[in-house]
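Peer 1: Order-wise, the sequence lines are chains A and B. Residue 19 in the numbering used here sits at position 38 of the first sequence; the count goes up by one each step and never skips. Residue 84 in the numbering used here sits at position 103 of the second sequence; the count goes up by one each step and never skips. Virtual Cβ for every residue (Gly too), placed ideally from N, Cα, C. What you are looking at is a predicted structure, and each value in this text was computed from that prediction instead of being measured. Below is one structure. I have some questions about it.
Number of protein chains: 2
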Amino acid sequence: MKATIVTIGDEILIGQIVDTNSNFIAKSLDKIGVEINEMISISDDKQHILNTFAQLQNKVELVIITGGLGPTKDDITKHTFCEYFEDTLVRNIEVENHIIELFSSVFNVAPSQINKDQSLVPSRSTVLMNQNGTAPGMWMQKENTVFISLPGVPYEMKDIVSNVIIPKIIKEYERPYILHKTILTYGQGESIVAERIEAWEDALPKFIKLAYLPSPGRVRLRLSARGTDKELLENEIQERVHSLTKIIGDIIVGFDDDETIEVVLGRLLVQQKRTIATAESCTGGKIAQMISSVAGASKYFKGSIVSYATETKINLLHIPESLIIEHSVVSAAVAKQMAINVKDLMKTDYAIATTGNAGPSKGDSSAEIGTVFIAIASPKGIFVEEFNFGQPRDKVIDRTVNKSFELLQKEILQNLL
Amino acid sequence: MKATIVTIGDEILIGQIVDTNSNFIAKSLDKIGVEINEMISISDDKQHILNTFAQLQNKVELVIITGGLGPTKDDITKHTFCEYFEDTLVRNIEVENHIIELFSSVFNVAPSQINKDQSLVPSRSTVLMNQNGTAPGMWMQKENTVFISLPGVPYEMKDIVSNVIIPKIIKEYERPYILHKTILTYGQGESIVAERIEAWEDALPKFIKLAYLPSPGRVRLRLSARGTDKELLENEIQERVHSLTKIIGDIIVGFDDDETIEVVLGRLLVQQKRTIATAESCTGGKIAQMISSVAGASKYFKGSIVSYATETKINLLHIPESLIIEHSVVSAAVAKQMAINVKDLMKTDYAIATTGNAGPSKGDSSAEIGTVFIAIASPKGIFVEEFNFGQPRDKVIDRTVNKSFELLQKEILQNLL
């Protein structure tokens, strides 16, 4: 089964917002073996929408459309959808009752006429109830292609995809198996990794594809297998990963199957019954924010002192002023002391500390722009590393966060030995 | 001038990563009057790439392609690009020297052959130098369409777009003016806003388009005007905004022209010579991280205490244990005390404090899931508001962050009066 995802909205084409809906839909469909062959973003223009529908007709089995279902005049998807199917709009009572209910329970008022008109749907469409909003999803078929129109509000769209569309596709369509396995490597560049595994890569069977996903400081290798025999695919992938580990085991730090590093770290900390805190300067709270974004983080995350100003380092983290004067605020000595002190203050097993100069101009330190010190405190001691992440500012912050998680993960794994 | 942005990469189609490159390119082109008519993401498949190029040929004047230029076997864009133009690859000496220089200065080693081969480019292409990586951009024309191939690594792509492509387009092509003006409103839903401004909206001239951009807690109204007479467009937009302010001035909180709320707040704080700190529980450091993501934030941001665990609130924020026992950790009283204490501890003018239950399960508090208290301390006093942001977890966190910034902005603006 092949699918195309279509996003409708001028706000995406002028760069006002990033389309994250397509990513969610792609991930959800990929998991159940539906192949996404394209994602397209188009404007809120009737003719453009109609042309896109006609182009996709019979080219793919499934077209999922988001956006343009709001109650205001710039939202034209529903009328265009109706026109494409040569259908007429009729009131759906179940949806209307849901809208009245939603307004009464959430806003404590009756919906206005334009809100109630959200219950108008093409007469031949299958309505996909939207529990979190007024615009329902609509499922319609023309020849060999199913078109599904969904609201663009992420929380509404996600609920309909996960709880209505995916179960319906699983029930009604046969699909092949798609397996992905991602291997995380740290510390060597894409080209070096490629040279080391060249013979292994050349020996991969046709139905397994390898992709290199480089990002600052690390390369992820993704194996994708597609076929009808699930057991065969699983065995083959497992075997290939095993032989890969023999070649580059020194740089493999983990396997992520759709897992972020903060989720992996969280599980490690829960397993080991360990706790963590952070003391952040240049990262400004981003490490804390990522740790705490994981549901259940309160089991291991005690908190953070974001000591952005030098005086905050002195007054709240109790870094001796003399240490700062002697070494400067961006230094190995200060990073170390930050980690030790936050670990003591919050009574945790682990602590991460960062201090650096993210740029674009120099702050309270004369350190070169891009210079960062990361300290990791653990039950076994403390270490600090120096980096220069160059520019721009957001790259320095992101690389510092990634590197911190990498160093912490290695430290936790070593403490297991 | 019309453009299409094409992203090449299976990692986008299977949902492994979100495409943010298209957004950056769209924003950059929109600013200089280039109209983006579509964004397309396609797979690393030769035939798919060739078909897409052929479809866009002579349909738009400009096609910008990112991705697939790495040195590894899964990167096929360059060879496919060359095939489409019936050209051959030749070594570019300037690029090769740059690669050797880059390896010697950054990695302190000589590049391997596959790295040096990144200097192979189609013989008729105009090379766009990549200061931050090994893969150059390539500019080629066929009939009425210019095709530009760029590396997919965001920092590399951004530098080439901003410093090479945009200046080249400005110099070589005539473009119309595109003006956008965004009006930020808070506190009323999309449909209510639409009803209030219906007559005003109907009276807009044809060359001005209105879009509603709703997000949790706020609606942005975007006016877009396109034409050749810049002054006329500016006057017309200004007049329409003026008349809009007369109708819904009570809910307009600002005008953002490509500015995020944290940038607007930063400028306000610098102008007023005021400082800020945060004490965060359920937001886990996200408010601090957003404040500090702005270059120059060290002028006004002192830091944050992320008191995720109850004991951190007691030990580091000095919240009396009795207060927590009496009111519970998720309460107006605790939020207030958090804001007062962090303001005192960090000696700032303003402070934001958050405490809530982001879910999915209950933590140290019996408060309903989704309940959040936000306290704002200012030179004039302290106030706290209670919200229920429902579920899921990421929505609760995002809405808390947005609401905090909104409350702070209103408070700062009121203190100006």
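Going by the DSSP bridge assignment, what does Val244/A pair with across the sheet?
Peer 2: Counting from one through the first sequence, the residue named residue 244/A turns up at place 263. BP columns for Val244/A are empty, so no partner.
Peer 1: Could you please give me the residues that DSSP links to Thr69/A through a beta bridge?
Peer 2: On the first sequence, residue 69/A is found 88 positions in, with the first residue counted as 1. According to DSSP, which records beta bridges pairwise, Thr69/A is partnered with nothing at all.
Peer 1: So what's Thr335/A in DSSP terms, helix, strand or just coil?
Peer 2: Reading the first sequence from its first residue, position 354 is the one you call residue 335/A. Three-state result, Thr335/A: strand.
Peer 1: At 8 Å on the CB atoms, spell out the chain A contacts of Lys283/B, in chain order.
Peer 2: The residue labelled residue 283/B in the question sits at position 302 within the second sequence. Chain A residues near Lys283/B: Tyr289, Ala290, Glu292, Thr293.
Peer 1: Which stretch, first to last residue, makes up the alpha helix (DSSP H) that contains Val323/A?
Peer 2: Working through the first sequence from its first residue, we reach residue 323/A at position 342. First-last of the alpha helix (DSSP H) with Val323/A: 313 to 327.
Peer 1: Note down, in chain order, all residues in the segment 179 to 198 of chain B with a beta-carbon under 9 Å from any beta-carbon belonging to chain D.
Peer 2: Absent here is chain D; the protein component of the structure consists of chains A and B.
Peer 1: Indicate the three-state DSSP secondary structure (helix, strand or coil) for Lys227/A in the structure shown.
Peer 2: Numbered from 1 along the first sequence, position 246 holds the residue referred to as residue 227/A. The answer is helix: DSSP assigns Lys227/A an H, G or I state.
Peer 1: Going by C-alpha distance, which of His308/B, Ile129/B, Pro301/B, Arg203/B is nearest Ile(-7)/A?
Peer 2: Counting from 1 along the first sequence, the entry for residue -7/A is found at position 12. Of His308/B, Ile129/B, Pro301/B, Arg203/B, the residue nearest in Cα terms is Arg203/B.
Peer 1: Would you report the Cα separation of Gly133/A and Ile233/B, rounded to the nearest angstrom?
Peer 2: Counting from 1 along the first sequence, the entry for residue 133/A is found at position 152. Counting from 1 along the second sequence, the entry for residue 233/B is found at position 252. Each residue's alpha carbon lies about 24 Å from the other.
Peer 1: Can you tell me which of the three DSSP states Val76/A falls into?
Peer 2: Translated into the one-based positions of the first sequence, residue 76/A becomes position 95. Val76/A falls in the helix class under three-state DSSP.
Peer 1: Have a look at the DSSP bridge pairing and note the partners of Pro135/B.
Peer 2: Position 154 of the second sequence holds residue 135/B. Pro135/B is not bridged by DSSP to any residue.
Peer 1: What beta strand (DSSP E) runs, 3 residues minimum, are completely inside the segment 13 to 64 of chain B?
Peer 2: You should have 16 to 23, 43 to 47.
Peer 1: At a Cβ cut of 7 Å, what residues of the segment 246 to 265 of chain B count as close to chain A, listed as they run along the chain?
Peer 2: From the segment 246 to 265 of chain B, only Gly265 have a Cβ closer than 7 Å to chain A.
Peer 1: With distances taken Cα to Cα, identify the nearest neighbour of Arg199/A among Lys12/A, Asn396/A, Thr381/A.
Peer 2: If you number the first sequence from 1, residue 199/A lands on position 218. Of the listed residues, the one whose Cα sits closest to Arg199/A is Thr381/A.
Peer 1: For Pro186/B, is the classification buried or exposed, using 16 other Cβ atoms within 10 angstroms of its Cβ as the cut-off for buried?
Peer 2: Counting from 1 along the second sequence, the entry for residue 186/B is found at position 205. Per the 10 Å Cβ criterion, exposed.
Peer 1: Where Thr(-12)/B and Gly48/B are concerned, what is the direct C-alpha to C-alpha distance, given to the nearest angstrom?
Peer 2: Counted from its first residue, the second sequence places residue -12/B at position 7. Counted from its first residue, the second sequence places residue 48/B at position 67. Approximately 6 Å, taken between the alpha carbons.
Peer 1: For a minimum of 3 consecutive residues, which ranges assigned as the beta strand (DSSP E) are wholly contained in the segment 103 to 132 of chain B?
Peer 2: 107 to 109, 118 to 123, 126 to 131
Peer 1: Kindly give me the distance between the Cβ atoms of Ala290/B and Leu304/B, rounded to whole angstroms, as I take these residues to be in contact under 8 Å.
Peer 2: In the second sequence, residue 290/B corresponds to position 309, counting from 1. In the second sequence, residue 304/B corresponds to position 323, counting from 1. Wrong, their Cβ atoms sit about 16 Å apart, outside the cutoff.
Peer 1: I need the straight-line Cα distance from Ser262/A to Asp325/B, nearest angstrom please.
Peer 2: Residue mapping note: residue 262/A aligns to position 281 of the first sequence, counting from 1. Residue mapping note: residue 325/B aligns to position 344 of the second sequence, counting from 1. Rounded to whole angstroms, Ser262/A to Asp325/B spans 20 Å at the Cα level.
Peer 1: Spell out a yes or no on whether the segment 159 to 174 of chain B and the segment 211 to 219 of chain B are touching, meaning 3 or more CB-CB pairs, one atom from each, closer than 8 Å.
Peer 2: yes
Peer 1: Go ahead and pull the three-state DSSP assignment for Ile5/A.
Peer 2: Looking up residue 5/A in the first sequence gives position 24. Before going on, a small fix: residue 5/A reads as Phe here, not Ile. Of the three classes helix, strand and coil, the one that applies to Phe5/A here is helix, per DSSP.
Peer 1: Give the straight-line distance between the Cα atoms of Arg255/B and Gly230/B, rounded to the nearest whole angstrom.
Peer 2: Along the second sequence, one-based indexing puts residue 255/B at 274. Along the second sequence, one-based indexing puts residue 230/B at 249. Distance between the alpha carbons of Arg255/B and Gly230/B is about 27 Å.
Peer 1: Measure from the C-beta of His161/B to each C-beta in chain A and report whether the shortest distance is under 8 Å.
Peer 2: Numbered from its first residue, the second sequence carries residue 161/B at position 180. True, the Cβ-Cβ gap to chain A drops below 8 Å.
Peer 1: For Met271/A, which residues from the same chain have a beta carbon less than 7 Å from its beta carbon, with the 5 sequence-adjacent residues on both sides left out?
Peer 2: For this step, residue 271/A is matched to residue 290 along the first sequence. These residues qualify, in order along the chain: Glu243, Val382.
Peer 1: For Asp231/A, go through chain B and note every residue whose CB falls closer than 8 Å to its CB, in chain order.
Peer 2: As a first step, residue 231/A must be located in the first sequence, where it is residue number 250. Result: empty, since nearest Cβ-Cβ is about 18 Å, beyond 8 Å.
Peer 1: Below 8 Å on the Cβ atoms is my contact criterion, and I expect Ala320/B with Ile357/B to pass it. Report the Cβ-Cβ distance as a whole number of Å.
Peer 2: For the purposes of this step, residue 320/B is taken as residue 339 along the second sequence, with counting starting at 1. For the purposes of this step, residue 357/B is taken as residue 376 along the second sequence, with counting starting at 1. Taking C-beta atoms under 8 Å as the contact rule, Ala320/B and Ile357/B qualify, at a distance of about 7 Å.
Peer 1: Could you list the residues in the segment 43 to 57 of chain B with a C-beta less than 9 Å from some C-beta on chain A, going in chain order?
Peer 2: From the segment 43 to 57 of chain B, only Gly51, Pro52, Thr53, Lys54, Asp55, Asp56 have a Cβ closer than 9 Å to chain A.
Peer 1: Between the beta-carbon of Leu298/A and the beta-carbon of Val275/A, is there less than 8 Å?
Peer 2: Residue numbering aside, residue 298/A sits at position 317 when the first sequence is read from its first letter. Residue numbering aside, residue 275/A sits at position 294 when the first sequence is read from its first letter. No, the Cβ-Cβ distance between Leu298/A and Val275/A is not below 8 Å.
Peer 1: Let's see if you can read the secondary structure: which residues bound the alpha helix (DSSP H) around Pro199/A?
Peer 2: Taking the first sequence and counting its residues from 1, one reaches residue 199/A at position 218. Residue identity check: residue 199/A is Arg in the sequence provided, not Pro. Per DSSP, Arg199/A lies in no alpha helix (DSSP H) segment; the continuous beta strand (DSSP E) that holds it begins and ends at 199 to 208.
Peer 1: Hey, is the segment 172 to 189 of chain A in contact with the segment 83 to 99 of chain A, meaning 3+ C-beta pairs nearer than 8 Å?
Peer 2: no
Peer 1: If you pair each beta-carbon of the segment 134 to 152 of chain A with each one of the segment 56 to 69 of chain B, do three or more pairs fall below 8 Å?
Peer 2: Flag = no, the segment 134 to 152 of chain A and the segment 56 to 69 of chain B do not touch.
Peer 1: Starting from Ser273/A, trace the alpha helix (DSSP H) in both directions and tell me its first and last residue.
Peer 2: Here residue 273/A is taken as the residue at index 292 of the first sequence, counted from 1. Under the DSSP assignment, Ser273/A falls in the alpha helix (DSSP H) whose first and last residues are 267 to 273.
Peer 1: Could you check where the alpha helix (DSSP H) with Asn296/A kicks off and where it finishes?
Peer 2: Your numbering for residue 296/A matches position 315 in the first sequence. Boundaries of the alpha helix (DSSP H) harbouring Asn296/A: 291 to 296, taken from the DSSP string.
Peer 1: Measure from the C-beta of Thr166/B to each C-beta in chain A and report whether the shortest distance is under 8 Å.
Peer 2: Position 185 of the second sequence, counted from the start, is the residue given in the question as residue 166/B. No, its Cβ sits nowhere closer than 8 Å to a Cβ of chain A.
Peer 1: With a CB to CB cut of under 6 Å and the five nearest residues on each side skipped, what residues in its chain are close to Ile95/A?
Peer 2: Stepping through the first sequence from its first residue, residue 95/A is reached at position 114. Cβ neighbours of Ile95/A beyond the five flanking positions: Pro52.
Peer 1: List the residues that DSSP assigns as beta-bridge partners of Asn369/A.
Peer 2: The residue given as residue 369/A occupies position 388 in the first sequence. In the DSSP assignment, Asn369/A is bridged to Thr352/A.
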